[in-house]
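This note's numbering applies: residue 727 is where the sequence shown begins, and numbers increase by one. Note that CB positions come from ideal geometry on N, CA and C, so glycine has one too. Just so it is clear, the structure is predicted and the values come from calculations on it, not from any experiment. Right, one structure below, let's go through it.
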Amino acid sequence: MRWFKVLSFVVAGVLASASMSSAQVAGKWGLGGFVSYTNPLFTFGERFGSGVDKWGLTASRVSSARLTVEAEFHHTQMDGGALETGEFTWSPKALTAKQYSSKDINPNGAHTNRFNSVLLSGLWFFNADRSMDEGSFSPYIVAGGGVYDHKTVAENIVWPGQSPTDASGVDATNVDAQGDILPQVVMDRQEDTRTAVTAVLGLGLEAHVTQTIALDVRARYHFILGELRPRDAWGLDKAFPLQMFDLSAGFKFYFWD
């Protein structure tokens with residue numbers, strides 16, 4: 727009976743401690759900012775390369791020691807897409823086929839993609855007794871959803887479907903080292919745009935520099951229900967869904983409610 731009383735006392739003490747810890751962090755609000763290295767995947771990755779091309783802002787509410795709810799806005803700008811830098815095959819004359827890229831012929835061409843996105847995520851922390859004290863580290867799982875508004879633009883891109891006569895009509899003196907006419911006719915501006923539903927899943931770590939300032943790093947996978955049209959001349963199939971992976975680092979500034 728005495729052991730039961732001792733055990734009950736210990737359990738009560740642990741529960742009280744956990745409750746106090748949760749109470750210490752619950753109710754905090756946070757504001758933050760971050761930058762990201764993004765890596766488009768699969769058919770989306772065939773269009774655009776990786777790079778540090780995303781920045782974002784977050785607003786957080788600490789619901790408990792285990793859960794933080796986070797709203798996020800981010801902007802991504804991807805340049806130098808495949809239609810600008812990738813090669814296509816064109817015949818300047820009969821029985822001749824050569825490889826060209828739009829960038830080498832027309833430096834004014836551009837193939838870009840941008841996202842303006844809004845997300846609502848839950849951060850579930852592994853530490854049930856998360857304190858948010860100076861020097862504390864708290865790993866977490868992040869999962870969320872939202873809408874990504876994307877616009878992909880191809881502008882002043884050299885048109886692979888032109889004939890040598892079409893090219894000569896632009897500038898008959900614009901030839902390569904072998905004296906063959908270069909393709910010079912550019913396509914009309916083209917856009918693929920959509921506001922797409924998105925799901926996000928990842929892992930992160932929050933490290934408190936002080937009680938109110940935290941370094942936040944995370945890795946996330948993005949599944950975006952958007953699409954990009956096929957580009958047969960460049961050997962590009964339709965891209966659907968759009969998928970990418972990112973690595974982010976930023977700071978959060980916490981304050982009480």
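- Query: In three-state DSSP terms, what is Ile953?
  - Reply: Walking along the sequence shown from the start, residue 953 turns up at place 227. Rather than Ile, the amino acid found at residue 953 in this sequence is Glu. Glu953 falls in the coil class under three-state DSSP.
- Task: Whole angstroms is fine: what's the gap from Phe977's alpha carbon to Gly861's?
- Result: Translated into positions along the sequence shown, residue 977 becomes position 251. Translated into positions along the sequence shown, residue 861 becomes position 135. Computed Cα separation, rounded: 14 Å.
- So, are the CB atoms of Thr769 and Ala959 less than 7 Å apart? Taking the first residue of the sequence shown as 1, we reach residue 769 at position 43. Taking the first residue of the sequence shown as 1, we reach residue 959 at position 233. Taking 7 Å as the Cβ cut-off, Thr769 and Ala959 do not qualify as a contacting pair.
- Query: Among Glu772, Leu931 and Ala808, which has the Cα closest to the Cα of Arg830?
  - Reply: Position 104 of the sequence shown holds residue 830. In the sequence under discussion, the amino acid at residue 830 is Asp, which differs from the Arg named in the question. The candidate whose alpha carbon is nearest that of Asp830 is Ala808.
- Any idea what DSSP makes of Gly758, helix, strand or coil? Here residue 758 refers to the residue found at position 32 of the sequence shown. Reduced to three states, the DSSP call for Gly758 is strand.
- Output the boundary residues of the alpha helix (DSSP H) element that contains Ala808. The count along the sequence shown starts at 1 and reaches residue 808 at position 82. From DSSP, the alpha helix (DSSP H) with Ala808 extends over Ala808 to Thr811.
- Query: Who does Phe979 pair with in a DSSP beta bridge?
  - Reply: The count along the sequence shown starts at 1 and reaches residue 979 at position 253. Answer by DSSP bridge pairing, in chain order: Leu757 and Ile939.
- With 16 other CB atoms within 10 Å as the buried threshold, where does Thr794 fall? The sequence position of residue 794 within the sequence shown is 68, counting from 1. Burial call: buried.
- Message: Mapping the DSSP letters down to three states, classify Thr838 as helix, strand or coil.
- Response: Here residue 838 refers to the residue found at position 112 when the sequence shown is read from its first residue. Thr838 falls in the strand class under three-state DSSP.
- First and last residue of the alpha helix (DSSP H) that includes Ala893? Position 167 of the sequence shown, counted from the first residue, corresponds to residue 893. Looking at the DSSP string, the run of the alpha helix (DSSP H) that includes Ala893 is Pro890 to Asp897.
- Message: Could you give the first and the last residue of the continuous alpha helix (DSSP H) run that contains Phe852?
- Response: The residue you call residue 852 lines up with position 126 of the sequence shown. It is not in any alpha helix (DSSP H) - Phe852 carries neither H nor E in the DSSP assignment.
- Can you list, in chain order, the residues of its chain whose CB lies under 7 Å from that of Ser748, leaving out five sequence neighbours each side? Within the sequence shown, numbered from 1, the residue matching residue 748 stands at position 22. The pLDDT assigned to Ser748 is 47, lower than 50, so where the model puts this residue is not dependable, and the model offers no usable value.
- Taking Val884 as part of the alpha helix (DSSP H), name the residues at either end of that continuous run. Mapped onto the sequence shown, residue 884 falls at position 158. That residue, Val884, is in no alpha helix (DSSP H); it is neither H nor E in DSSP.
- Measure from the alpha carbon of Leu846 to the alpha carbon of each residue in Pro865, Ala823 and Gly872, then state which is nearest. Indexing the sequence shown from 1 puts residue 846 at position 120. Measuring from the Cα of Leu846, the nearest candidate turns out to be Gly872.
- Alpha carbon to alpha carbon, how far is Thr764 from Thr802? The residue labelled residue 764 in the question sits at position 38 within the sequence shown. The residue labelled residue 802 in the question sits at position 76 within the sequence shown. In a straight line, the C-alpha of Thr764 is about 9 Å away from that of Thr802.
- Task: Determine the direct distance from the alpha carbon of Val751 to that of Thr784, and round the result to whole angstroms.
- Result: The residue given as residue 784 occupies position 58 in the sequence shown. The residue given as residue 751 occupies position 25 in the sequence shown. Taking the straight line from one Cα to the other gives about 18 Å.
- Query: Can you name the start and end residues of the alpha helix (DSSP H) that Asp918 belongs to?
  - Reply: For the purposes of this step, residue 918 is taken as the residue at position 192 of the sequence shown. Element bounds for Asp918: not the alpha helix (DSSP H) but the beta strand (DSSP E), Gln916 to His934.
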